[in-house]
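Everything below concerns the one structure shown next.
Residue numbers (the working numbering), protein chains in the order written: chain A, 147 to 532; chain B, 147 to 532.
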């Protein structure tokens, strides 16, 4: 795979608000110079280096998802969409349907908890099912993959408009003093194609002139908060403070948090929320301190087939992600240091389930609803009915 | 200050069970060769290097506490006791009482949340108050400092015997299957003079043939769990698994935790518990999942003057402890890497308060009591009555 390590100046064909060094970016896009290639930001190098990676096959795409070059609900879905396109145009043996089937299975196996992954794979297969001519089907796969990405950006923008009103209401209660929002992991534009889920209401509030300050959980073990969210907010000029994952309860007890706002990797039709490990602890603290706890998601993240969140598979990753930490060394290169004694056993669960009873509401592209089956299916009758 | 970097073979004058490489150690002791010096393990280098540091003055002692060469409730108290001895024998200007007064203020300012610090300083002053001759008072200061250390070890051993019965009861309910205990930070022998508080019942259970397994919270930002608790348990042959601070809620939801057992830096007479930041979140998760949450402490950690835990001062430390991480580099040296982009703001609160309503019980050297004023003062009428 090709890599370009620098700040890119990429002429993009659609409206994009999110910026790096003041320049607009999305997290994934078709290569301008070669339409058989897809480009992503390899997020493992952020915030230290901006590395653009070119994906040429569905195998490379699945590896990029599994090894977390890209991560986050919407971005995993969009990457899977483009991965299906790369599967469709590959020169491997077999019919295009066989390639899409193999590619879909490969992609779905790369991260077990992410709902958008299977959703995007199924959508590509469904929307191209009626096309029989190979060349036409390849084109159609590309068109649907682009639509998934564009829709992701549009839905995030729209849920931001709805969520903004929650922030505005708190701001008015506080007489315009900054609204303190605590977030966990990165549910920013880097986790989607653009805008983000949890961050979209924050960006919309900022654009509406509402003062906000964000408490950023560092989010062990991958440090998505420290490496991605803090940096993303900094690039957008949003006031933010990094904290350890341990600190949120204390801040809530001291009334230094007005609202918790997180994303989700999968939410059941009953409103149980799978999100980055540790989210459940913040929801408990919010409940104990009577602080609203909201989850922002485009409808692509709902798992309409599940009612019980405890049945969502929870990914387990390598213990080395806990015992070793990477960062920028004195020499300006990414270096890895060992935190623990040799032979230390570590268990690395990636997600936990926040029961619907702890969720104040779900912020979606169609509006805000309570976290229960009646309210969710009333807002999405067309999607929920299956 | 002198430093010796190796594994020490120190002939100790008292019974000590805790081991490094199979050899008994305490965390602090008077220098065998020079009774005007105190030796400690500089815990910043663990688990990678065993560094013995020699303290020659109360100023060095206060710096060692402030900069966390030593940490943990009991060890901070014992170090303060020996620091007062170094103050008493210093060649500075002034009477011995003036030196003890100045030294005590310096020590008390080094860590604001720790209860044992002021307790040890006051105890030295009180127990030497009746001695007027300078030489006799110096000797008496040493005697009391040694008594504080010996008592700390003895009280920890005793609370371990009481706490062991809680573990035994769970073990019997489980038909002898390993009892899964979750702990936060390091409340091990490294946090005291010997045995530890939260770990003492675990060591006692092990000695009684009860199977235990410990989930070790890594404890950001200082990683006391990853660097100290996991290593300490490993040295003692206790089965343990390192997890992120985010993981405890998930483990409790999945019934993989039988009991939470933590230490405390200060506990009010009403049972509110100040402990390492993040403890409150684990207490909430234990309550939500009906899992017992116990706090182990020698009586020296009670703050008899306070009823409301929210009035305990919470130490704030440098944000760099979050934005930078140290560990063993490839070259075998301790190296520091930067996690965040330049200019990232970070807030570093060291402790939080777990309200008494979330605490199943307090394990003390006199037995186990409920976390409320009536039960606590009934167990310690001689100390509580002030």
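C-beta: ideal position from N, C-alpha, C; glycine also.
Is it buried or exposed, residue i, if we count other Cβ atoms within 10 angstroms and call 16 or more buried?
| i | result |
| --- | --- |
| residue 164 of chain B | buried |
| residue 153 of chain B | Note on residue 153 of chain B: pLDDT 36, under 50, position unreliable in the model; the coordinate value appears next. Per the 10 Å Cβ criterion, exposed. |
| residue 531 of chain B | exposed |
| residue 456 of chain A | exposed |
| residue 181 of chain A | exposed |
| residue 218 of chain B | buried |
| residue 488 of chain B | exposed |
| residue 189 of chain B | buried |
| residue 364 of chain B | buried |
| residue 464 of chain B | exposed |
| residue 479 of chain B | exposed |
| residue 332 of chain A | buried |
| residue 380 of chain B | buried |
| residue 119 of chain B | Examination of residue 119 of chain B is not possible in this model, given that chain B is present from 147 through 532 alone. |
| residue 234 of chain A | buried |
| residue 167 of chain B | exposed |
| residue 272 of chain A | exposed |
| residue 320 of chain A | exposed |
| residue 393 of chain B | buried |
| residue 289 of chain B | exposed |
| residue 424 of chain B | buried |
| residue 279 of chain A | exposed |
Which residues in chain A have a C-beta closer than 8 Å to the C-beta of residue i? List them in chain order.
| i | result |
| --- | --- |
| residue 426 of chain B | 395, 396, 399 and 431 |
| residue 472 of chain B | 483 |
| residue 390 of chain B | 366, 367, 391, 423, 424, 468 and 494 |
From residue i to residue j, what distance separates their C-alpha atoms?
| i | j | result |
| --- | --- | --- |
| residue 584 of chain A | residue 287 of chain A | Nothing can be reported for residue 584 of chain A, as the shown portion of chain A is limited to 147 through 532. |
| residue 400 of chain A | residue 420 of chain A | 27 Å |
| residue 388 of chain B | residue 371 of chain B | 8 Å |
| residue 367 of chain B | residue 222 of chain A | 30 Å |
| residue 230 of chain B | residue 250 of chain B | 7 Å |
| residue 157 of chain A | residue 238 of chain A | Confidence is the limiting factor: at residue 157 of chain A the pLDDT is only 31, short of 50, which leaves the residue's position unreliable, though a coordinate-based value still follows. Cα to Cα, the separation comes out at about 32 Å. |
| residue 265 of chain B | residue 174 of chain A | 59 Å |
| residue 516 of chain A | residue 522 of chain A | 7 Å |
| residue 194 of chain A | residue 486 of chain B | 8 Å |
| residue 240 of chain A | residue 459 of chain A | 32 Å |
| residue 155 of chain A | residue 337 of chain B | Only weak support is given to the placement of residue 155 of chain A: the predicted model assigns it a pLDDT of 32, under 50, and the value that follows is read from those uncertain coordinates. Approximately 53 Å between the Cα atoms of the pair. |
| residue 325 of chain A | residue 313 of chain A | 7 Å |
| residue 397 of chain B | residue 362 of chain B | 12 Å |
| residue 509 of chain A | residue 503 of chain A | 16 Å |
| residue 183 of chain A | residue 201 of chain A | 6 Å |
| residue 208 of chain A | residue 263 of chain A | 11 Å |
| residue 246 of chain A | residue 422 of chain A | 29 Å |
| residue 513 of chain B | residue 187 of chain B | 30 Å |
| residue 404 of chain A | residue 298 of chain A | 28 Å |
| residue 191 of chain B | residue 481 of chain B | 11 Å |
| residue 528 of chain A | residue 310 of chain B | 57 Å |
| residue 499 of chain B | residue 418 of chain B | 7 Å |
| residue 294 of chain B | residue 378 of chain A | 51 Å |
| residue 270 of chain B | residue 524 of chain B | 26 Å |
| residue 428 of chain A | residue 357 of chain A | 23 Å |
| residue 260 of chain B | residue 340 of chain B | 18 Å |
I want to verify the contact list: residues of chain A whose CB lies under 7 Å from the CB of residue i, in sequence order.
| i | result |
| --- | --- |
| residue 319 of chain B | Correct list: empty, because the minimum Cβ distance to chain A is about 23 Å. |
| residue 531 of chain B | Correct list: empty, because the minimum Cβ distance to chain A is about 30 Å. |
| residue 475 of chain B | 481 and 483 |
Identify the contact partners of residue i in chain A, using a Cβ-Cβ distance below 9 Å as the criterion.
| i | result |
| --- | --- |
| residue 386 of chain B | 490 and 491 |
If the cut is a Cβ gap below 9 Å, which residues of chain B does residue i touch?
| i | result |
| --- | --- |
| residue 460 of chain A | 396 and 400 |
How would you list, in chain order, the residues of chain B whose beta-carbon sits under 7 Å from the beta-carbon of residue i?
| i | result |
| --- | --- |
| residue 193 of chain A | 486 and 487 |
### Task
Report yes or no: do the segment 301-308 of chain A and the segment 333-348 of chain A share at least 3 C-beta pairs separated by less than 8 Å?
Counting Cβ pairs under 8 Å, three or more are found: they touch.
### Query
Contact between the segment 434-448 of chain A and the segment 468-485 of chain A: three or more CB pairs below 8 Å?
At 8 Å Cβ cutoff, the stretches do not touch.
### Given 8 Å, three or more beta-carbon pairs between the segment 246-263 of chain B and the segment 205-216 of chain B
At 8 Å Cβ cutoff, the stretches touch.
### Message
Can you confirm whether the segment 375-392 of chain A touches the segment 396-411 of chain B when touching is taken to mean that 3 or more C-beta pairs between the two stretches lie within less than 8 Å?
### Response
No contact exists between the segment 396-411 of chain B and the segment 375-392 of chain A.
### Message
Against chain B, which members of the segment 355-380 of chain A pass a CB distance test of less than 7 Å?
### Response
Within the segment 355-380 of chain A, the qualifying residues are 364, 366, 367, 369, 372, 373, 376, 377 and 380.
### Query
Listed from N- to C-terminal order along the chain, which residues in the segment 432-449 of chain A have their beta-carbon within a distance smaller than 9 Å of any beta-carbon of chain B?
Legend: CB atoms of the segment 432-449 of chain A lying less than 9 Å from CB atoms of chain B belong to residues 433 and 434.
### Query
Closer than 7 Å, Cβ to any Cβ of chain A: which residues of the segment 495-520 of chain B, in chain order?
Per Cβ criterion, the list reads 495, 498 and 499.
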